[in-house]
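In what follows, a single structure is set out as structure tokens and then discussed.
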Amino acid sequence: MKARYRVVLALLVGLGAGLGIPSAAHADTPPAAASGTKSNDGLPLKELRTFVEVMQRIKQDYVEPVSDKTLLDNAIKGMVTGLDPHSAYLDAKSYKQLRIDTTGKFGGLGIVVAADKGFIKVISPIDGTPAQRAGIKAGDIIIRINGTSVRDMGLDQAVQMMRGKPGSTVKLEIARPGTAKPLNFTLKREIIKVDSVKSRMLEPGFGYVRISSFQSNTTADLQRALRTLDAQNKAPLKGLVLDLRNNPGGLLNAAVGVSNTFLNKGLIVYTKGRIADADRRFKATAGDLLHGAPIVVLVNGGTASAAEIVSGALQDNHRAIIVGTRTFGKGSVQTILPLSRDTALKITTALYYTPDGRSIQAKGIEPNIVIKPLQVSKTTNPGFGMLHEADLSGHLQNPNAKGADATSSAETGLAQRDFQLYEALTVLKSLAYAHQNTAAAAG
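Numbering (the working numbering), first residue to last: -5 to 437.
Now the structure itself:
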């Protein structure tokens, strides 16, 4: 055995002595004789020796010199990313970026991505970002970044390639299901500042809240938005559409806080893992800010992770009707484990379950009412249609029609802009009507 091999293995043994890696005496055992052997605590000696041998060959024969630090960092990254698409070793740069991301301000294109079968898959574009404005969609597969194939490229490396100086451009080649040829996009980087909560009135009595991601301030922003809607309506809302489409998730605590905003009691979510700390249960406390008014939650294939926690919690507690299409199906919990002052391990430590015990991992949340996105366009009539009284010049106005015309026009416009939201509002009105009748009967 080569002297350098024995030295490197001895170093590994010395570094790992506290973990039960065998003593340096084992380093003199020929690899063939050690085949299949393990240490007392089950560490595979053959694989450890193979690792050291590969490291030695690279240092000796690779076309360019490579430092030990680079080799070991790459080995750690490969070990972790090989577990699942969501685990990662965070070096100083990645760890800093993670902390920035959870505050809602960072530089780049505004795409949430995940590793998928050797390529990079778009989970969702973020509202109001270059990616969303360019027409990139959930489910798109990124093939090349600036002409470089992402095949088997690490997720962190792909993300770093898409981020950079604001104002600079990035070229993406994308494969889209149902499209015969790849699509090419040229996007200009921006400082991405995500306002996770947006709200407005859809109609008198019916509010709309859009949550684009779950950040540290999302629960407080949601509660502020609900109070603003009540003030604009000059009365408590009759119902709310909660839009979680293309929401890639975020912080678990934010998902729990959002769910708790609409519940008075009951289980919100629980997690199960291999260690005791991974088993946690989150319960609601009294304080439903809508006071029992109906909720319709809009979801789609870009609804993931924390957004699925909220959807499952409100669905299982019979607090909301879920409308749209099946969600993404990310039912795993990642924990950030600091390794040093500026590095950390992001590792999957548990799966989460809805109050009824459903794991949505790779399954997603099935909506109560399936509504697929449709394009509603104005019809054109090039010929001469039947005339009506309203078509005649100088016709008398219907004294009761002013408000109805305005409402009808607004509904038609909503159907054209966002058919799923239009249908969600229709469902919400039906629920609100039933809710009012039930309350009146109880009174």
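Here a beta-carbon is modelled for each residue, glycine too, at the ideal position from N, C-alpha and C.
Beta-carbon gap between residue i and residue j smaller than 9 Å
i      : j      : result
Val304 : Ala249 : yes
Ala287 : Leu231 : yes
Leu223 : Phe256 : no
Arg183 : Gln91  : no
Leu213 : Ala272 : Strictly speaking, residue 213 in this sequence is Thr, with Leu absent from that position. No; because the gap between Cβ atoms is not below 9 Å, this pair is not in contact.
Gly306 : Arg352 : yes
Gly201 : Val235 : yes
Thr180 : Thr163 : yes
Ile315 : Ile363 : yes
Ala418 : Leu84  : no
Arg218 : Val188 : no
Ser299 : Asp78  : no
Gln309 : Ile365 : no
Ile205 : Val252 : yes
Ala301 : Phe208 : yes
Lys159 : Gly72  : no
Ile114 : Leu149 : yes
Gln154 : Lys87  : yes
Leu196 : Leu65  : no
His80  : Lys228 : no
Lys515 : Ala82  : A query on residue 515 cannot be resolved here, the shown segment of the chain reaching from -5 to 437 and no further.
Ala152 : Ile137 : no
Asn311 : Gly260 : yes
Leu103 : Ile52  : no
Tyr89  : Asp412 : no
Ile135 : Asp110 : yes
Thr342 : Phe322 : no
Residue i burial status per 10 Å Cβ neighbour count (16 or more: buried)
i      : result
Ala426 : buried
Ala145 : Note that residue 145 is Arg in the sequence shown, not Ala. So Arg145 ends up on the exposed side.
Gly358 : buried
Leu422 : buried
Gln54  : exposed
Val60  : exposed
Asp350 : exposed
Ala280 : exposed
Val46  : buried
Leu368 : exposed
Ala270 : exposed
Thr481 : This structure leaves residue 481 out entirely; the chain is present only between -5 and 437.
Thr319 : buried
Thr432 : exposed
Ala428 : exposed
Asp22  : Confidence is the limiting factor: at Asp22 the pLDDT is only 38, short of 50, which leaves the residue's position unreliable, though a coordinate-based value still follows. By the 10 Å Cβ count, Asp22 comes out exposed.
Tyr56  : exposed
Leu381 : Summary for Leu381: the model assigns pLDDT 44, below 50, so the residue's position carries little reliability, and this model does not support an answer.
Asn178 : exposed
Ala132 : buried
Ser334 : exposed
Thr44  : exposed
Arg194 : exposed
Gly233 : buried
Val48  : exposed
Per DSSP, cross-strand counterpart(s) of residue i
i      : result
Phe45  : Answer by DSSP bridge pairing: none, since Phe45 is not bridged.
Arg138 : Ser143, Glu167
Gly102 : Glu184
Ala82  : Lys340
Val364 : Gly318
Ile114 : Ala109, Ile136
Thr420 : The partner list for Thr420 (beta bridge, DSSP) is empty, contrary to what the question assumes.
Tyr347 : Tyr264, Ser353
Ile330 : Lys340
Pro119 : Ile105
(request) Would you check if there are 3 or more beta carbon pairs closer than 8 Å linking the stretch 235 to 243 to the stretch 116 to 123? (result) Enough Cβ pairs lie closer than 8 Å, so yes.
(request) Determine, using beta-carbon pairs with one atom in the stretch 345 to 356 and one in the stretch 259 to 275, whether at least three such pairs fall under 8 Å. (result) Because the criterion of three Cβ pairs below 8 Å is met, the stretch 345 to 356 and the stretch 259 to 275 touch.
(request) Can you check the stretch 257 to 323 for any beta strand (DSSP E) of at least 3 residues that lies completely inside it and give the ranges in chain order? (result) Look at the stretch 257 to 323 and you find these whole runs of beta strand (DSSP E), each 3 residues long or longer: 261 to 267, 274 to 277, 289 to 293, 315 to 318.
(message) Check whether the stretch 166 to 184 and the stretch 315 to 331 touch, using three or more Cβ-Cβ pairs below 8 Å as the test.
(response) Counting Cβ pairs under 8 Å, fewer than three are found: no touch.
(request) Within the stretch 154 to 207, note down every full beta strand (DSSP E) run reaching 3 residues or more, in order along the chain. (result) The qualifying runs are 163 to 169, 177 to 182, 184 to 187, 191 to 197, 200 to 205.
(request) Ignoring anything shorter than 4 residues or poking outside the stretch 204 to 250, list the alpha helix (DSSP H) runs there in chain order. (result) Segments of the alpha helix (DSSP H) lying fully in the stretch 204 to 250: 212 to 227.
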